[in-house]
Structures are given as C-alpha cells and as structure tokens.
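Peer 1: Numbering (my numbering), first residue to last: 397 to 970.
Cβ coordinates follow ideal geometry from the N, Cα and C atoms, glycine included.
Questions regarding the structure given below will be posed in turn.
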Amino acid sequence: MSEEKKLSANEYIKIDSNYLRGTIQEGLADLSTGSMSADDQQLLKFHGTYQQDDRDLRADRRKHKLEKAYSFMIRIRVPGGVATPAQWLETDRLATQFANHTIKLTTRQAFQFHGIIKSNLKRTIKEINQCAMDTIAACGDVNRNVMCNPNPYLSEIHAKVLKVAQGISDHLTPQTRAYHEIWLDGEKVESSEEEVEPIYGKTYLPRKFKITIAVPPSNDVDIYANCLSFIAIVENGSLVGFNVAVGGGMGSSHNNEKTYPRIADVIGFCTVDQVVDVAEKTVLVQRDFGDRTDRKHSRFKYTVDDHGPAWILAKINEYLGYELGLVRPFAFEDNGDRFGWVDDANGNSHLTLFIQGGRVLDTPAYPLLTGLREIAKIHDGDFRLTANQNLIIANISPAKRPEIEKLLKQYGIKDSHLKSALRLNSLACVALPTCGLSLAEAERYLPDLLTELEEVIEENGLRHDAITIRMTGCPNGCARPYIAEIGFVGRAPGKYNVYLGGGFAGQRLSKLYRESVPDTEIKSLLAPIISRYAKERENGERFGDFCIRTGYVAATIQGGDFHQNIKPEALKKA
Ligand code: SRM
Ligand code: SF4
C-alpha cells in the first residue's frame, strides 16, 4: 500500500467505530426516521444487515415529499449451506412475521430477508440467534459465509468437508462483543482495551473476503470466483487434503478498466489439518497487503494480480512457516446442481428442487413457502442450500419419504425440476426493487427471458442440453455472470451487456459479445447462435466452447486462464 495515498473513508469509519459499535444503538432507538446514519449503515454490514429502500416506490414518495421507504435486508450465515428443519421453520416464521413473506436463497448458500423495518430489526436478529443461526460477518470487510459442496449423497467425504468449512467459518468469525451488546442484550464491554480482534485487528480487512470448498468433479460452489478456495483431493476413497486456489472475484464497474472479474489461480496443496491455518494466513496476507486506499481496488484478486500469484504463494508460505505442497491433479465437470431424487448407500434419499431466482414464496399457483413449511414440520433430515440458489431436502429417511412425497405432490413442488436444462442452469441476482446498486432488472426479468429463449431451445431440440445462463442487474456480478456460458449484465433499465464463452465448469471467463442490448432484442440476438450450435457442435461440445471455436468471442487469457498454464513447480520456484 502506498504511504502517500489517503486511506479510503471506510477505513476511518472502522477505526473510529470501537470494534463495530459506532452509534448503532442510538440509531436504532431513534424512531423519527426509518433510516440510520451514513457511517452506521457501513458498520451495520458487519452485523449482517443493509439499509435499503423500495425503489419501486421512490418516485411516488419523492412526489409526496415523503422519506424513502426504508427497510433492511438481513443476511443469515449458513456455513456450508446446511440448516435443520427447526431452523427452516424459524426462518420461515421470521420471513412471514417481519420481512416481505419471502425467503431468498442466495448465491452463497445463505438466507436473506428483505423489507424489515427499523423498529423490527433488533428483534429479528435476536430471534435468528435464538435458533442457533447468526448474521455476524454475513456482510462487511471480513470473511463471509464459507461455502461448501452441499451434496449429501457423498456422505462420508461431505461430512468431513463440511466440518472443515464450519471450522474455517468459526475460526474467522469476528470476536468483537459489539454484536452481542447491540442485538442480544449482552453485557456492555466498558473499555475497548478489553477487546481484541486477534485476526482482523481494528480495521478488519480492506474489503470482503470469500472462501469456498469444492469436491470435484462438481464445481457447484464456483471456486474460480472466490478469494480463496479449497479443492478436495480424494485418493483411494479418502480425503487427503485440498488444493489451494487464490484470487478469484467477479465485481467490476462499467467504464472503469481498472476493475475486472478474475479467475482464481490454483497455487498449492495442503493437508486437512493445515486448512484452517492456510485460511487464516491467507486472510492475514490480504489484511496486510490489500489496498486500503481505493475500495475499487481492494479485493484480494487485485492483491494477487498486483504482486503475482508466485509472490502471494511465497508470502502465504512465509506466514505459515512451512510450504504448501504441489498442486494435485483434479478435474471439474460442471458448476451446476444435480436435480431430482438421489438415494445414498445408507438408504436415505435426497431431493434437489429448482428454486427460480432462489426466491421461496407463495403464489396462488405455486405455494412453495407453505409446502416447504409443511415438509419441515415432519422432516427428520436437513435442508441444504446450494450456491446455485436451489434447495436440497436432504437425508430423508425411508420412513418419512412417503409422507414427504405426498406433500410435494399436494403443493405442486414435486416437478420443480422438470424444466428445460437452460432454466435449471440459470441464476439471477436480486436487483430491483431492493438492491440499491442495480441498473436493470434481474430476478424479476430472467424468468420471462428464459421463456422466450426456451422457444428457440425447443425449436432446436436442445431442451435437455445444459447451458449456463446468468443475469445481474449491474456489473458487481452477484450471480457470477462472467463465468456463465451466456451472461447478461445490466447497463440501464431494459439494457444489458451480453457475454458469451464462459466455461461450463465455471473455469473460464466469458467475453463481451454485444453492449447495451435492449431486452426486446436479446432473443433475436441469440437465436441464430443457439440454432447454429444445435447444428454444428462437435460431439459433446459445450455452448461456451462452441462460441469460442466458431469465433463469436475470443478465448480469455486474463487471470487464472493464464496463470493456470504455469506449472506448479515453476510457481514454487518463482
Ligand atoms: Fe453481492 C453488493 C446481493 C453474492 C459481488 N450484493 C451486494 C448488495 C449487498 C448491494 C449493496 O451493496 O448495496 C446486494 C444486496 C441485494 C439485495 O437486495 O438483497 C448483493 N450478492 C447478493 C446476493 C444476495 C445475490 C443473490 O441474488 O443471491 C448474494 C449474497 C451472497 C451471500 O449470501 O453472501 C451475492 N455478490 C455475490 C457474489 C457471488 C459470490 O460471492 O459467489 C459476488 C461476486 C463475487 C465477488 O465477490 O467478487 C458479489 N456484491 C458483489 C459486489 C462487488 C464486489 C467487488 O468486488 O467489487 C457488490 C458491491 C460492493 O461490494 O461494493 C455486492
Ligand atoms: Fe445488486 Fe448488482 Fe449484486 Fe445484482 S449484481 S444484487 S444488481 S449489486
């Protein structure tokens, strides 16, 4: 970090906050406004909540000289995405009692509520904690929800990997008592001298930090889009350790070439016992070397790019006091979910449901929220959130399966996954009306666009051919659109940049194909390419690969695509 450059404003907010307290308590008590002070809004993120306003109502409220319709989004951490039926029922109750009657399953295996008004914020967070979940570090400049492959049918390996994910999550959870004081009526710590944040220190990290664990051949947690990833290496049926990947990230800003999505580099290998240490030391490298002067350049991917992956590897080794091993062979096949029923060797069953946009809600035609509530009441296994915004009703015992099947039928959920493979492989971020950063629709629009594109898919006999397709309302990349085979990134209301050529396993960035395409023209833009793909693809060729081979877009060599070509031995010596 350059000495001369001024620290970014958020650094001072953190320093002055007394370990994330700020004036949040005073702000919550002031009911003359639905809003919180600007500084406290930044600090609230560390506690897992964002101030938002209903953007659909903005113009009308402005006209009537009313304050914006403020409310809060709350994000619940679910390490590895595993929740008990009791936690599901509580999440449902809170969503219905305090939020907008929906549960959002996020692209990082977490729950989100939208529309909580300020006077209900404390009670909601307190009651989340009462059912053994929390919101601390769900947002903010800290390690976020640790993702993990959720597949329960790999029971033995999965149980071990999940434990590792939970171990990393616990180890990197902030230690400040502020969370307990503010939300859980914990005893007040009188002097900040008594507080220590052993890993983060007073200023926490320069920016958010994201960790995930994948179990090949599935890359369903999109390791290449994360700051730090662990790729499980299974040899002779046993988990022997993890390859370590660093420096992935999606966020960028329109018209700012200094910002860009980046694919992670696989730099080494560690054993199961070393993994929490490696996570901690990598976080420390970012804490010490990340850019704290420019928040648009402060993610770990820029630290990795600025110094190079070989330098980062050397620094991690130095902090560890030992060396990471050489990368072990691994191969990913896809980054999607496996839908429908799967039975495991122990006789339990698992059902992966398709949840459009990750939004669990009731409509007259599809009472999904109610149906899942009734299932949770009798389910004796667990629920697993996938990083593709879907839901696994997992570990259903043979005794419960008939009852659950009856409920799935009764509430119309049974066939949730009998959709085109294009739809099943779609992701959309929240965007409007709650996201303050969105420039265009995503979650509310993608289903309709898919219906249009499905006509083309059907005409070309591609109903069962998976193509990954993702949409975000802005370039921040919350649905990881830059690694989809078809990506849409909002530019302005009704206008999208269209990207093509991402890798089917999320291993390659896409390239910009057309800029600012009106939504009315997307179908006609893509129809000829899809039709040509149906006719001219080579045996087993994926859509993204086809788009590159036939010249619609060039292959990308930025980020991991380039560095992965460096032999791990060379990385070690560098
Ligand atoms: Fe995200 C900011 C929603 C996953 C990159 N993201 C936001 C905010 C909080 C908007 C804001 O700052 O005011 C969005 C809240 C919308 C709302 O109304 O709920 C938001 N992000 C989401 C979720 C809910 C999208 C979804 O539909 O599932 C995901 C919640 C994940 C979770 O449970 O923790 C979500 N966000 C992601 C991902 C995907 C991932 O992590 O695998 C990314 C890209 C990966 C990455 O981080 O590089 C992502 N979100 C961002 C960024 C860009 C950061 C950057 O590097 O520039 C922002 C903006 C920012 O931080 O300044 C952002
Ligand atoms: Fe909001 Fe942009 Fe993230 Fe979508 S990608 S949720 S519009 S910040």
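Secondary structure at residue 510, three-state DSSP: helix, strand or coil?
Peer 2: Stepping through the sequence shown from its first residue, residue 510 is reached at position 114. In this structure, residue 510 counts as strand in the three-state DSSP scheme.
Peer 1: For the beta strand (DSSP E) that contains residue 692, what are its first and last residues?
Peer 2: Residue numbering aside, residue 692 sits at position 296 when the sequence shown is read from its first letter. Element bounds for residue 692: n/a, residue is neither H nor E.
Peer 1: Below 7 Å between beta carbons: does that hold for residue 480 and residue 776?
Peer 2: Here the question's residue 480 lines up with position 84 in the sequence shown. Here the question's residue 776 lines up with position 380 in the sequence shown. Contact flag unset, no.
Peer 1: Could you tell me which of 818, 423, 949, 521 sits nearest to residue 846, measuring between CA atoms?
Peer 2: Working through the sequence shown from its first residue, we reach residue 846 at position 450. Here the closest residue by C-alpha is 818.
Peer 1: Any heavy atom of the ligand SRM closer than 6 Å to the CB of residue 624?
Peer 2: By one-based count along the sequence shown, residue 624 stands at place 228. No - the ligand SRM has no heavy atom lying nearer than 6 Å to the Cβ of residue 624.
Peer 1: How close, in whole Å, do the beta carbons of residue 492 and residue 783 come, if the pair is a contact with beta carbons under 8 Å?
Peer 2: Numbered from 1 along the sequence shown, position 96 holds the residue referred to as residue 492. Numbered from 1 along the sequence shown, position 387 holds the residue referred to as residue 783. So it is not a contact: roughly 25 Å between Cβ atoms.
Peer 1: Compute the minimum distance between the beta carbon of residue 905 and the heavy atoms of the ligand SRM, and state whether it is under 6 Å.
Peer 2: Your numbering for residue 905 matches position 509 in the sequence shown. No, since every heavy atom of the ligand SRM falls outside the 6 Å radius drawn around the Cβ of residue 905.
Peer 1: Between 830, 843, 536, which lies nearest to residue 820 when the distance is taken from Cα to Cα?
Peer 2: What you label residue 820 is simply residue 424 of the sequence shown in a count that begins at 1. Residue 820 has its Cα closest to that of 843, out of 830, 843, 536.
Peer 1: Does the Cβ of residue 823 have 16 or more other Cβ atoms within 10 Å, making it buried, or fewer, making it exposed?
Peer 2: Residue numbering aside, residue 823 sits at position 427 when the sequence shown is read from its first letter. By the neighbour-count rule (16 or more Cβ atoms within 10 Å), residue 823 is buried.
Peer 1: Measuring only the C-alpha atoms, how far is residue 445 from residue 531?
Peer 2: Within the sequence shown, the letter at position 49 stands for residue 445. Within the sequence shown, the letter at position 135 stands for residue 531. Residue 445 and residue 531: Cα-Cα distance of roughly 8 Å.
Peer 1: Quick check on DSSP: helix, strand or coil for residue 927?
Peer 2: Position 531 of the sequence shown, counting from 1, holds the residue named residue 927. In the structure shown, residue 927 sits in a helix (DSSP, three-state: H, G or I).
Peer 1: So what does residue 522 bridge to, in DSSP terms?
Peer 2: In the sequence shown, the residue the question calls residue 522 occupies position 126. In DSSP, residue 522 forms no bridge with anything.
Peer 1: Is residue 553 near residue 630, with beta carbons less than 7 Å apart?
Peer 2: What you label residue 553 is simply residue 157 of the sequence shown in a count that begins at 1. What you label residue 630 is simply residue 234 of the sequence shown in a count that begins at 1. Yes, these two residues count as a Cβ contact at 7 Å.
Peer 1: Quick check: is any heavy atom of the ligand SRM less than 6 Å from the C-beta of residue 833?
Peer 2: In the sequence shown, the residue the question calls residue 833 occupies position 437. Because some heavy atom of the ligand SRM lies under 6 Å away, the Cβ of residue 833 counts as near it: yes.
Peer 1: Got a sec: does the ligand SF4 put a non-hydrogen atom nearer than 6 Å to the Cβ of residue 666?
Peer 2: Here residue 666 refers to the residue found at position 270 when the sequence shown is read from its first residue. No, the beta carbon of residue 666 sits no closer than 6 Å to any heavy atom of the ligand SF4.
Peer 1: Using DSSP bridges, identify the partner residues of residue 645.
Peer 2: Here residue 645 is taken as the residue at index 249 of the sequence shown, counted from 1. Residue 645 pairs with 658.
Peer 1: Flag residue 645 as yes when its Cβ comes closer than 6 Å to any non-hydrogen atom of the ligand SRM, and as no otherwise.
Peer 2: As a working note, residue 645 is residue 249 in the sequence shown. Residue 645 Cβ: within cutoff of the ligand SRM.
Peer 1: Please work out which residues of its chain come closer than 7 Å, Cβ to Cβ, to residue 673, disregarding the five sequence neighbours upstream and downstream, and give them in chain order.
Peer 2: Numbered from 1 along the sequence shown, position 277 holds the residue referred to as residue 673. Excluding residues within five positions, the ones whose Cβ falls inside 7 Å are 716.
Peer 1: So residue 856 and residue 926 are supposed to be a Cβ contact under 8 Å. How far apart are they, rounded?
Peer 2: Taking the first residue of the sequence shown as position 1, residue 856 is located at position 460. Taking the first residue of the sequence shown as position 1, residue 926 is located at position 530. That belief holds up - the Cβ atoms of residue 856 and residue 926 are roughly 6 Å apart, short of 8 Å.
Peer 1: Going by alpha carbons, who is nearest to residue 422 out of 579, 521, 546, 520?
Peer 2: Mapped onto the sequence shown, residue 422 falls at position 26. Comparing Cα positions, the closest option is 579.
Peer 1: Just checking residue 894 against the ligand PLP - is the residue's beta carbon closer than 6 Å to any of the ligand's heavy atoms?
Peer 2: Because the ligand PLP does not appear in the structure shown, any question about it cannot be addressed here, the ligands present being the ligand SRM and the ligand SF4.
Peer 1: For the 8 Å Cβ check, are there 3 or more pairs between the segment 462-475 and the segment 604-620?
Peer 2: The segment 462-475 is not in contact with the segment 604-620.
Peer 1: Can you have a look at residue 572 and say buried or exposed, based on whether 16 or more other CB atoms are within 10 angstroms of its CB?
Peer 2: On the sequence shown, residue 572 is found 176 positions in, with the first residue counted as 1. Looking at its Cβ environment, which holds 16 or more other Cβ atoms inside 10 Å, residue 572 is buried.
Peer 1: Return the Cβ separation of residue 661 and residue 675 in integer angstroms, given the expectation that the two are a contact with Cβ distance under 8 Å.
Peer 2: To locate residue 661, count along the sequence shown from 1; it is residue 265. To locate residue 675, count along the sequence shown from 1; it is residue 279. Going by Cβ atoms, the distance from residue 661 to residue 675 rounds to 17 Å, so no, they are not a contact pair.
Peer 1: With DSSP run on the structure shown, which of helix, strand or coil describes residue 357?
Peer 2: Shown here, the chain extends from 397 to 970; a query on residue 357 therefore has no answer.
Peer 1: Residue 731 and residue 811 - do their beta-carbons sit closer together than 7 Å?
Peer 2: As a first step, residue 811 is located in the sequence shown; it is residue number 415 there, counting from the start. As a first step, residue 731 is located in the sequence shown; it is residue number 335 there, counting from the start. Their beta carbons are not under 7 Å apart, which means residue 811 does not touch residue 731 by this criterion.
Peer 1: Quick one: is residue 510 buried, meaning 16 or more other Cβ sit within 10 Å of its Cβ, or exposed?
Peer 2: Within the sequence shown, residue 510 is the residue found at index 114, counting from 1. Flag for residue 510 reads buried.
Peer 1: Ordered along the chain, which non-local residues of its own chain (more than five positions away) have a Cβ less than 7 Å from that of residue 969?
Peer 2: Position 573 of the sequence shown, counted from the first residue, corresponds to residue 969. Any reading at residue 969 must be qualified, since the residue scores a pLDDT of 43, below 50, and its modelled position is unreliable; the value itself is stated next. The answer is none, since no qualifying residue turns up.
Peer 1: Would you mind reading off the limits of the alpha helix (DSSP H) that contains residue 439?
Peer 2: For this step, residue 439 is matched to residue 43 along the sequence shown. Note, residue 439: alpha helix (DSSP H), 434-442.
Peer 1: List the endpoints of the continuous beta strand (DSSP E) containing residue 749.
Peer 2: Looking up residue 749 in the sequence shown gives position 353. 745-749 is the extent of the beta strand (DSSP E) around residue 749.
Peer 1: Kindly identify the DSSP beta-bridge partner or partners of residue 529.
Peer 2: Counted from its first residue, the sequence shown places residue 529 at position 133. According to DSSP, residue 529 bridges with nothing at all.
Peer 1: Quick check on DSSP: helix, strand or coil for residue 844?
Peer 2: Taking the sequence shown and counting its residues from 1, the one referred to as residue 844 is at position 448. Correct three-state label for residue 844: helix.
Peer 1: Could I get the ranges of all uninterrupted alpha helix (DSSP H) runs contained in the segment 762-787, with 4 residues as the minimum, in chain order?
Peer 2: Taking only runs of at least 4 residues, the alpha helix (DSSP H) segments lying wholly in the segment 762-787 are 764-774.
Peer 1: To the nearest angstrom, report how far apart residue 956 and residue 940 are at their CA atoms.
Peer 2: Stepping through the sequence shown from its first residue, residue 956 is reached at position 560. Stepping through the sequence shown from its first residue, residue 940 is reached at position 544. At residue 956 the pLDDT is 46, less than 50, meaning the model places this residue with poor confidence; the figure from the coordinates comes in the next sentence. Taking the straight line joining both Cα atoms gives about 17 Å.
Peer 1: Across the segment 912-922 and the segment 874-891, are there enough close Cβ pairs to call them in contact, namely three or more that are closer than 8 Å?
Peer 2: Segments in contact, yes.
Peer 1: Is residue 716 helix, strand or coil by DSSP?
Peer 2: Here residue 716 is taken as the residue at index 320 of the sequence shown, counted from 1. Three-state DSSP puts residue 716 in a helix.
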